[in-house]
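J.: Next up is a structure, given as structure tokens.
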Amino acid sequence: MPQTNPLLADSELPQFEDFKTEHVIPAMEKLVPEAKNLIDKLCASVAEPGWDNIVVPIDEQDRKLENAWALFGHLNSVRDSAELRQAYQKALAMATEYQTWVGQHQGLFKAYKAISERKDFSRLSRARQESVKKALLAFKLNGIDLPKDKRKKFARLKSELAQLQQKFSEQLLDATQAWTLHITDEKRLAGLPETARETLSQYASQKNLDGWLVTLEMPSTVPLLTYADDRSLREEVSRACQTRASDKGPNAGQFDNGPLMTDILEKRQKIAELLGYSNYAQVSLEQKMATSPQAVLAFLNDMAEKVLPQAKREFEELREFAKSELGLEVLEPWDINYASEKLRQARFSISREELRPYFPVNRAVEGLFKTAEKLFSLGFEEVTEFQTYHPDVKLFNVLESGKMIARFYLDLYARAGKRGGAWMDVCRNRMERGNGGTIQLPVAYLTCNFTPPVGDKPSLLTTSELSTLFHEFGHGLQHMLTKIGVKSVAGISGVEWDAVELPSQFLENWCREEEALAFISSHVDSGKALPSELLEKMLAAKNFQSAMTFVRQLEFGIFDFTLHGRSSGFSQADIQNAIDQVRSKVSVVPKYRDNRFQHGFSHIFAGGYAAGYYSYKWAEVLSADAYSRFEEEGVFSPEAAADFRNTVLALGGSKPAAEVFRQYRGRDPRPEALLRHNGITV
Ligand code: ZN
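Just add 1462 to the spot in the sequence shown (first one is 1) and you have my numbering.
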């Protein structure tokens, strides 16, 4: 009988047009039990566990699940509907339950351990060894190696921690929504651009109010603090914002995250101790490129020492400007963004609109392909016949030496039912198939939300949208150009978190190089490339106050690592002390005494950036240093490009990122290039 559920068809590409929402649950109800039965059966029957009799059949089975997910999971992000969302939520619960089940499977853990202890383990390929090691580490961090009573305790701590983190987010959201400011006198909005006024008036009409409603959502606070001439208004908003979910400010004590922060840190510490570590930072670093808490703190402190002098100069310049030009005798916390914007306008009179006509989207995409062609000798071939989910979507084959090695979907424009932002997602992982060595080619989804073309006018990109396009394509190249055939360490899979942004940020550099802009940019009317004086202005504007921004990121990173790198001292006073101390060392802008920024720092208290916030800067060092080889050897240096292609882009997670970087650069990463690119002189 022919297979009618496209989620169960073993197809090279997702069969979008055959898909209906009612396929989701039956597919999951078939695939998840099949996967569980297979694991149980293998663990009970295989006497001598090895790569071929354990990993291969499980990878084959998981492949079916992943490929099904690649269809409806993607649709859930780009073509949302109430029915699909409902099915997706149910499927997500089933998939999560399956993953937890696998992570706690004693038999499977023992099988992997047996594989790693075999005499011939070292004869497996590096990728296979690495994937077994990574699996064992994941088991270990899941507490599977613990004696039974401790395992129970571990599971309880994990679930309590998850609840506390969830509560932290919920209270932050509640606190954000609890504060509003109703404005009926338009004079108070002086200075605000039209778009911001519209947003505020929309907020008001959603609540059946006339006039404007200021909220603590970003589309309200950012323009207000940046543009509002009314100083008392800025102060009011700033205070509400910086005391959210705390014991201070307009809703003091109502949604106080303070006690939760202490509980969260204590639970993490207990989890770390159960697993045999002395603090939570060590747990976090097990799956990252950075090797020790000392190394991370040394890195952040070294950066701070280098950047701080310039940050102080930038602040001094701002202070003087505010005093002489804006009549602000003392620069208060709520004046910083406002005065900075005025200074930026005075120094760099370059508007986004001035640059936009140089970047019609089709030309930018062609320029992107040409960049990749020149660097990595790739070819791109548009496919005209394929099953799609929207007429805007394009499919391309990626060719190397005339041979197809990968494919990707390009979905450029914003539309209703599509999640915002831009991202690269895996559609198919590269994988050597168990059934005789055929290769499943990697397939990527590249999704953006650019303004769609109107009539026959092409969509014009801002320079930040252009960077986004290159950024996501950089992730895509690592996914598509991998030469690894073990799916858990191929492409972006298995790459340490603090190294994942290397290829994406790396590729962004080409849209700031004159030699590349010659074919990336093309004025929509005249066809001319971006003139060099505009490029210079654009680069100078990009680095405005870069040292001040830099030290702010360091402040967050050091605070995060100070808290998670200790084994006690988690009281609210300790936490406040920690951030005060960090600020006294690396912050250059004034903060008011009641500032409770940490109560809204969900990256580390609610989310996955706990003892990981430094990753942003860490990855920037890697990408800037990787690119600096092209500054030394030429923007399109064939040698540098070939080396990058054969290391970072080819090896994926099959080797530790530090080793891959050394292989490419011939040495460890250095921060000089990042500082230089930010216009920071040491
Ligand atoms: Zn990224």
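C-beta atoms are modelled at their ideal positions from N, C-alpha and C, and glycine is treated no differently. Given the structure is predicted, the values throughout are model-derived calculations rather than measurements.
Check for me: the alpha helix (DSSP H) holding Y1820 runs from which residue to which?
T.: Here residue 1820 refers to the residue found at position 358 of the sequence shown. That residue, Y1820, is in no alpha helix (DSSP H); it is neither H nor E in DSSP.
J.: Give a yes or no on contact between the region 2053–2061 and the region 2101–2114, applying the rule of three or more CB pairs nearer than 8 Å.
T.: No: fewer than three Cβ pairs fall under 8 Å.
J.: Taking 7 Å as the cut-off, is the CB of E1632 close to at least one heavy atom of ligand 1?
T.: The count along the sequence shown starts at 1 and reaches residue 1632 at position 170. No, ligand 1 has no heavy atom inside 7 Å of this Cβ.
J.: As a quick exercise: from S1966, D1960, T1925 and V1916, pick the residue whose alpha carbon is nearest that of E1934.
T.: Counting from 1 along the sequence shown, the entry for residue 1934 is found at position 472. Ranking the options by Cα distance to E1934, first place goes to S1966.
J.: How would you call K1669, buried or exposed, if buried means at least 16 neighbouring beta carbons within 10 angstroms?
T.: As a first step, residue 1669 must be located in the sequence shown, where it is residue number 207. Under this definition K1669 is an exposed residue.
J.: Determine the direct distance from the alpha carbon of A1978 to that of E1479, and round the result to whole angstroms.
T.: Residue 1479 sits at position 17 when you count from the first residue of the sequence shown. Residue 1978 sits at position 516 when you count from the first residue of the sequence shown. When rounded, the distance between both Cα atoms is 38 Å.
J.: Report the three-state DSSP secondary structure of T1657 (helix, strand or coil).
T.: On the sequence shown, position 195 is the one that residue 1657 refers to. DSSP places T1657 in helix when its eight states are reduced to three.
J.: Should A1442 and F1534 be called a contact, given that it needs their Cβ atoms to be closer than 8 Å?
T.: Residue 1442 lies beyond the stretch modelled for the chain, which goes from 1463 to 2144, so this question has no answer here.
J.: State the CB to CB distance for the pair F2021 and V1758, rounded to an integer number of angstroms; the pair is presumed to be in contact (CB under 8 Å).
T.: Within the sequence shown, residue 2021 is the residue found at index 559, counting from 1. Within the sequence shown, residue 1758 is the residue found at index 296, counting from 1. Rounded, the Cβ-Cβ distance is 13 Å, inconsistent with contact.
J.: Given A1752, which residues of its chain have a CB within under 7 Å of its CB, disregarding the five upstream and five downstream residues?
T.: Along the sequence shown, read from residue 1 onward, the residue named residue 1752 stands at position 290. V1758, D1960 and W2080, listed in sequence order.
J.: Quick one: give me the first and last residue of the alpha helix (DSSP H) that I2066 is part of.
T.: Translated into positions along the sequence shown, residue 2066 becomes position 604. From DSSP, the alpha helix (DSSP H) with I2066 extends over S2064 to F2067.
J.: Consult DSSP for T1909 and reduce its assignment to one of helix, strand or coil.
T.: By 1-based counting over the sequence shown, the position of residue 1909 is 447. Here T1909 sits in strand by DSSP.
J.: Going by DSSP in three states, N1467 sits in which element: helix, strand or coil?
T.: The residue labelled residue 1467 in the question sits at position 5 within the sequence shown. Of the three classes helix, strand and coil, the one that applies to N1467 here is coil, per DSSP.
J.: Per DSSP, what are the beta-bridge partners of W1674 in this structure?
T.: As a first step, residue 1674 is located in the sequence shown; it is residue number 212 there, counting from the start. BP columns for W1674 point to I1645.
J.: Please return the same chain residues whose Cβ sits closer than 7 Å to the Cβ of F1912, not counting the five positions on each side in sequence.
T.: Mapped onto the sequence shown, residue 1912 falls at position 450. These residues qualify, in order along the chain: V1823, L1874, Y1875, A1876, S1921, L1923 and E1927.
J.: Looking at the unbroken beta strand (DSSP E) that takes in K1856, where does it start and where does it end?
T.: For the purposes of this step, residue 1856 is identified with residue 394 of the sequence shown, where counting begins at 1. K1856 -> beta strand (DSSP E) spans K1856 to E1862.
J.: Distance check for Y1907 and W1563, CA to CA, integer angstroms please.
T.: Reading the sequence shown from its first residue, position 101 is the one you call residue 1563. Reading the sequence shown from its first residue, position 445 is the one you call residue 1907. Using only the alpha carbons, I get a separation of about 29 Å.
J.: Considering only residues of the region 1874–1901, which uninterrupted beta strand (DSSP E) runs meet the minimum length of 3 residues and lie entirely inside it, listed in chain order?
T.: List check, beta strand (DSSP E) in window: 1885–1890.
J.: Reducing DSSP to helix, strand and coil, say where M2000 ends up.
T.: Reading the sequence shown from its first residue, position 538 is the one you call residue 2000. Three-state result, M2000: helix.
J.: Compute the Euclidean distance between the alpha carbons of H2139 and V1845, then round it to the nearest angstrom.
T.: For this step, residue 2139 is matched to residue 677 along the sequence shown. For this step, residue 1845 is matched to residue 383 along the sequence shown. Using only the alpha carbons, I get a separation of about 38 Å.
J.: Pull every residue with its beta-carbon under 6 Å away from any heavy atom of ligand 1, and keep them in chain order.
T.: Answer in sequence order: H1933, H1937, E1963 and S1966.
J.: Let me make sure I understand the geometry here. Which of P1511, A1497 and H1536 has the alpha-carbon closest to that of E1522?
T.: Translated into the one-based positions of the sequence shown, residue 1522 becomes position 60. Of the listed residues, the one whose Cα sits closest to E1522 is A1497.
J.: Does DSSP put E1844 in a helix, in a strand, or in coil?
T.: As a position in the sequence shown, residue 1844 is number 382, starting the count at 1. Reduced to three states, the DSSP call for E1844 is strand.
J.: Leaving aside the five residues before and after A2088 along the sequence, list all residues of the same chain whose C-beta is less than 6 Å from its C-beta, in chain order.
T.: Here residue 2088 refers to the residue found at position 626 when the sequence shown is read from its first residue. Counting only Cβ-Cβ distances below 6 Å, and skipping sequence neighbours, we find F1968.
J.: Who are the near neighbours of E1748 in its chain, counting only those whose CB is closer than 7 Å to its CB and skipping five residues on each side?
T.: Sequence index remark: in the sequence shown, residue 1748 carries index 286 (1-based). Here the set comprises L1599 and L1603.
J.: Is it right to say K1503 is buried, meaning 16 or more other beta carbons lie within 10 angstroms of its own, or is it exposed?
T.: By one-based count along the sequence shown, residue 1503 stands at place 41. Flag for K1503 reads exposed.
J.: For A1871, which beta-bridge partners are listed by DSSP?
T.: Your numbering for residue 1871 matches position 409 in the sequence shown. As written in the sequence, residue 1871 is Tyr, which differs from the Ala given in the question. Y1871 is bridged to L1857 and Y1907.
J.: Which residue wins for smallest C-alpha separation from H1795, given the options G1953, A1702, K1949 and A1471?
T.: If you number the sequence shown from 1, residue 1795 lands on position 333. Checking the sequence, you will find Pro at residue 1795 rather than His. Ranking the options by Cα distance to P1795, first place goes to A1702.
J.: Can you give me the Cβ contacts of W1641 inside the same chain, cut-off strictly under 7 Å, excluding the 5 residues immediately before and after it?
T.: To locate residue 1641, count along the sequence shown from 1; it is residue 179. These residues qualify, in order along the chain: L1678, A1702, P1712 and N1713.
J.: Residues in the same chain with beta-carbon distance under 7 Å from V1802, minus the five sequence neighbours each way, listed in chain order, please.
T.: The residue you call residue 1802 lines up with position 340 of the sequence shown. This sequence places Ser at residue 1802; Val is not what is there. Contacts found: L1780 and Q2007.
J.: Identify whether K1669 lies in helix, strand or coil by the three-state DSSP scheme.
T.: Numbered from 1 along the sequence shown, position 207 holds the residue referred to as residue 1669. Residue state, collapsed to three classes: coil.
J.: For R1775, report the span of its alpha helix (DSSP H) as first-last.
T.: Here the question's residue 1775 lines up with position 313 in the sequence shown. Counting along the chain, the alpha helix (DSSP H) containing R1775 begins and ends at P1755 to L1788.
J.: Which first and last residues belong to the alpha helix (DSSP H) in which P1488 is found?
T.: Sequence index remark: in the sequence shown, residue 1488 carries index 26 (1-based). Per DSSP, P1488 belongs to the alpha helix (DSSP H) from V1486 to S1507.
J.: Less than 8 Å separating the beta-carbons of L1623 and K1729?
T.: Walking along the sequence shown from the start, residue 1623 turns up at place 161. Walking along the sequence shown from the start, residue 1729 turns up at place 267. For L1623 and K1729, yes; Cβs fall inside 8 Å.
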